[in-house]
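Participant:
Have a look at this one:
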């Protein structure tokens, strides 16, 4: 697929997974995608500037094996394997994992054999092995909607790291002025988020978005409309997808990491290892303490 997209990354991620209630009453951190949604993902979730090279540099420093949480359609898995690193990718969305498996299947044998894809939950990882590095790219940590879920995930990650192993991940730092300006307003601004071609159908796809912010709960709700247009420009198919993300402040994250047995090595403000600045990125490197 090819196309273009524009969005304001300071407000939140350009794409994320759809929330779905847990029958047991526990919200899911890595929300499941319906098949129709998953096919759009790679054309929208193109990552953040410099994120792939940043994670690869951390992976080269650590060596094999590596665990990626929230691996989605395999955007990071393929370049990791091409670096000669053994990697396990874990995600809760079966439709997205199907796309990842297809990408991996197209790789040369010696590269394909380095990748293992697992359907699972980052709050309750059960892999019976330990890793030199765990990464959570593209703000996937924000799918954890409660403090309990955040602690469960960090504890499970700690248990799967070798002594001194590292956790590397990124989240957006909330821009409070922009959030306050949009707080409790939904539908007042509808933004064209992306447009791209779908080779399988020959149709043009357009994605529209509006947002709502709940300051009390620290929750960003994004409402997305996916439209596929026929040759006459008439909408032939429309998919509606709401999602929720819980943003987290810098010192909340410090407290959570230390509470769950991590020592903070670095907090960067971008993927070039620049200084942290409020309203930008939080790029964390933390080490599993003994």
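Residue numbers (our numbering): 1121 to 1410.
Backbone N, C-alpha and C define an ideal beta-carbon position, used for all residues, glycine too.
This structure is a prediction, so every number in the text was calculated from the model and none was measured.
If I measure Cβ to Cβ from residue 1310 and keep anything under 8 Å in the same chain, skipping five residues before and after, which residues do I get?
Facilitator: On the chain shown, position 190 is the one that residue 1310 refers to. Taken in chain order, the residues that qualify are 1328, 1329 and 1330.
Participant: Would you call residue 1189 buried or exposed, if buried means 16 or more other Cβ atoms sit within 10 Å of its Cβ?
Facilitator: Taking the first residue of the chain shown as 1, we reach residue 1189 at position 69. Residue 1189 comes out buried.
Participant: Going by the CB atoms, is the gap between residue 1403 and residue 1366 shorter than 7 Å?
Facilitator: In the chain shown, residue 1366 corresponds to position 246, counting from 1. In the chain shown, residue 1403 corresponds to position 283, counting from 1. Against a cut-off of 7 Å, the Cβ pair of residue 1403 and residue 1366 comes out as no contact.
Participant: What residues match up with residue 1288 in a beta bridge as DSSP calls it?
Facilitator: Start at 1 with the first residue of the chain shown, and residue 1288 comes out as number 168. Residue 1288 is bridged to 1255 and 1405.
Participant: Could you tell me the alpha carbon to alpha carbon distance between residue 1175 and residue 1275, rounded to whole angstroms?
Facilitator: Taking the first residue of the chain shown as position 1, residue 1175 is located at position 55. Taking the first residue of the chain shown as position 1, residue 1275 is located at position 155. Going by the C-alpha atoms only, they are around 22 Å apart.
Participant: Since residue 1225 is in the alpha helix (DSSP H), which residue starts that stretch and which ends it?
Facilitator: Your numbering for residue 1225 matches position 105 in the chain shown. It spans 1214–1225 - the alpha helix (DSSP H) in which residue 1225 sits, taken as one unbroken run.
Participant: Three-state secondary structure (DSSP) at residue 1247?
Facilitator: In the chain shown, counting from the first residue as 1, residue 1247 sits at position 127. The answer is coil: DSSP assigns residue 1247 none of H, G, I, E or B.
Participant: Would you mind sorting residue 1168 into buried or exposed? The rule is 16 or more other CB atoms within 10 Å of its CB.
Facilitator: To locate residue 1168, count along the chain shown from 1; it is residue 48. When all chains shown are included, residue 1168 counts as buried.
Participant: What residues in its chain sit with their C-beta under 7 Å from that of residue 1360, if we drop five residues either side in the sequence?
Facilitator: As a working mapping, residue 1360 is identified with position 240 in the chain shown. Excluding sequence neighbours, residue 1360 sits near 1345.
Participant: Would you call the segment 1249–1257 in contact with the segment 1229–1239, where contact means no fewer than 3 C-beta pairs closer than 8 Å?
Facilitator: no
Participant: With distances taken between CB atoms, is the gap from residue 1281 to residue 1261 smaller than 7 Å?
Facilitator: One-based indexing of the chain shown puts residue 1281 at position 161. One-based indexing of the chain shown puts residue 1261 at position 141. Contact: no.
Participant: My output table needs one value for residue 1200: the three-state DSSP class, helix, strand or coil.
Facilitator: Taking the chain shown and counting its residues from 1, one reaches residue 1200 at position 80. In the structure shown, residue 1200 sits in a helix (DSSP, three-state: H, G or I).
Participant: On a CA-only basis, which of 1170, 1206 and 1198 is nearest residue 1186? Give me that one, please.
Facilitator: Here residue 1186 is taken as the residue at index 66 of the chain shown, counted from 1. Comparing Cα positions, the closest option is 1206.
Participant: So the candidates are 1299, 1377 and 1198; which of them puts its Cα closest to the Cα of residue 1289?
Facilitator: Position 169 of the chain shown, counted from the start, is the residue given in the question as residue 1289. It is 1377.
Participant: Quick one: residues in its chain with C-beta nearer than 8 Å to the C-beta of residue 1285, no 5 flanking neighbours on either side, listed in chain order?
Facilitator: Indexing the chain shown from 1 puts residue 1285 at position 165. If we look at residue 1285 and ignore the five residues flanking it on each side, its Cβ neighbours are 1182, 1250, 1251, 1252, 1253, 1254, 1407 and 1408.
Participant: Going by the CB atoms, is the gap between residue 1217 and residue 1200 shorter than 7 Å?
Facilitator: As a working mapping, residue 1200 is identified with position 80 in the chain shown. As a working mapping, residue 1217 is identified with position 97 in the chain shown. No, Cβ-Cβ distance for residue 1200 and residue 1217 is not below 7 Å.
Participant: Name the DSSP beta bridge partners of residue 1239, please?
Facilitator: Position 119 of the chain shown holds residue 1239. Looking at the DSSP assignment, residue 1239 forms a beta bridge with 1211.
Participant: Run through DSSP, which three-state label would residue 1320 get?
Facilitator: Here residue 1320 corresponds to residue number 200 of the chain shown, with the count starting at 1. Coil.
Participant: Taking the DSSP output, what are the residues bridged to residue 1293?
Facilitator: In the chain shown, residue 1293 corresponds to position 173, counting from 1. None, per the DSSP bridge assignment.
Participant: What do you get for residue 1202, buried or exposed, if any count of 16 or more other CB atoms within 10 angstroms of its CB means buried?
Facilitator: Reading the chain shown from its first residue, position 82 is the one you call residue 1202. By the neighbour-count rule (16 or more Cβ atoms within 10 Å), residue 1202 is not buried but exposed.
Participant: Using the rule of at least 16 other Cβ atoms within 10 Å of the residue's Cβ for burial, across every protein chain shown, is residue 1141 buried or exposed?
Facilitator: Here residue 1141 corresponds to residue number 21 of the chain shown, with the count starting at 1. In this prediction, residue 1141 has a pLDDT of 37, which is less than 50 and means its spatial position is unreliable; what the coordinates show is noted afterwards. Exposed, because fewer than 16 other Cβ atoms sit within 10 Å of the Cβ of residue 1141.
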